[in-house]
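Undergrad: In the numbering used here, the protein residues as written are 3 to 157. Just passing along the structure, written as structure tokens.
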């Protein structure tokens with residue numbers, strides 16, 4: 003089904019656009035994003051993982067992801083590609099010059115950038131962890147719940 007090997011996200015979308023029939027694209031548009039991604043995990047998602055070399059660390063697509071600070075499991079890469087294709091079919095404008103933003107979404111992308119800055123600070127590991135949690139959980143009550151869960155899992 004998906005024999006050409008893309009080297010970046012834009013090529014992924016172009017290949018899917020040219021491979022999937024118009025009627026199938028119309029069906030996809032009518033589905034919810036979650037339903038599409040879940041229903042295609044073992045179909046189109048598996049085709050993408052296998053044909054595009056998402057299990058191979060030396061594949062051009064994996065190298066592209068790594069060069070753009072995107073490190074996922076092959077299942078998650080294919081899920082992200084399906085999600086982006088779905089968004090493309092819905093007419094969403096995608097900035098292919100910023101793949102990290104496309105993959106992670108704006109909120110998580112910005113949080114990751116803040117966390118990267120924290121890693122560079124000359125403070126203790128515990129202080130870094132606390133600052134990261136503040137970014138991930140701005141609501142203090144949610145942060146407390148998360149910390150409690152962490153303590154329970156560690157003990």
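We treat Cβ as the ideally placed atom computed from N, Cα and C, and that holds for glycine.
Would you tell me roughly how many angstroms separate the C-alpha atoms of residue 138 and residue 114, rounded to the nearest one?
TA: Here residue 138 corresponds to residue number 136 of the chain shown, with the count starting at 1. Here residue 114 corresponds to residue number 112 of the chain shown, with the count starting at 1. Approximately 9 Å between the Cα atoms of the pair.
Undergrad: Taking only the alpha-carbon atoms, compute the straight-line gap between residue 21 and residue 105 and give it to the nearest angstrom.
TA: Position 19 of the chain shown, counting from 1, holds the residue named residue 21. Position 103 of the chain shown, counting from 1, holds the residue named residue 105. Each residue's Cα considered, the two are about 22 Å apart.
Undergrad: One question on the structure: do residue 7 and residue 54 come within less than 7 Å of each other, judged by their Cβ atoms?
TA: Here the question's residue 7 lines up with position 5 in the chain shown. Here the question's residue 54 lines up with position 52 in the chain shown. Against a cut-off of 7 Å, the Cβ pair of residue 54 and residue 7 comes out as a contact.
Undergrad: Please go through the same chain and pick out, in chain order, the residues whose beta-carbon is closer than 6 Å to the beta-carbon of residue 38, but skip the five residues on each side of it.
TA: What you label residue 38 is simply residue 36 of the chain shown in a count that begins at 1. 30 and 88, listed in sequence order.
Undergrad: Below 7 Å between beta carbons: does that hold for residue 90 and residue 10?
TA: Counted from its first residue, the chain shown places residue 90 at position 88. Counted from its first residue, the chain shown places residue 10 at position 8. No. Outside cutoff.
Undergrad: What separation, rounded to the nearest whole angstrom, lies between the Cα atoms of residue 93 and residue 100?
TA: The sequence position of residue 93 within the chain shown is 91, counting from 1. The sequence position of residue 100 within the chain shown is 98, counting from 1. Taking the straight line joining both Cα atoms gives about 18 Å.
Undergrad: Report buried or exposed for residue 107, applying the criterion of at least 16 other Cβ atoms within 10 angstroms of its Cβ.
TA: By one-based count along the chain shown, residue 107 stands at place 105. So residue 107 counts as exposed.
Undergrad: So for residue 42, helix, strand or coil by DSSP?
TA: Numbered from its first residue, the chain shown carries residue 42 at position 40. Of the three classes helix, strand and coil, the one that applies to residue 42 here is coil, per DSSP.
Undergrad: Which residue from 124, 120, 126 and 151 puts its Cα closest to that of residue 136?
TA: Against the chain shown, residue 136 aligns to sequence position 134. Ranking the options by Cα distance to residue 136, first place goes to 120.
Undergrad: Going by DSSP, what residue range makes up the alpha helix (DSSP H) through residue 56?
TA: Locating residue 56 in the chain shown gives position 54, counting from the first residue. It is not in any alpha helix (DSSP H) - residue 56 carries neither H nor E in the DSSP assignment.
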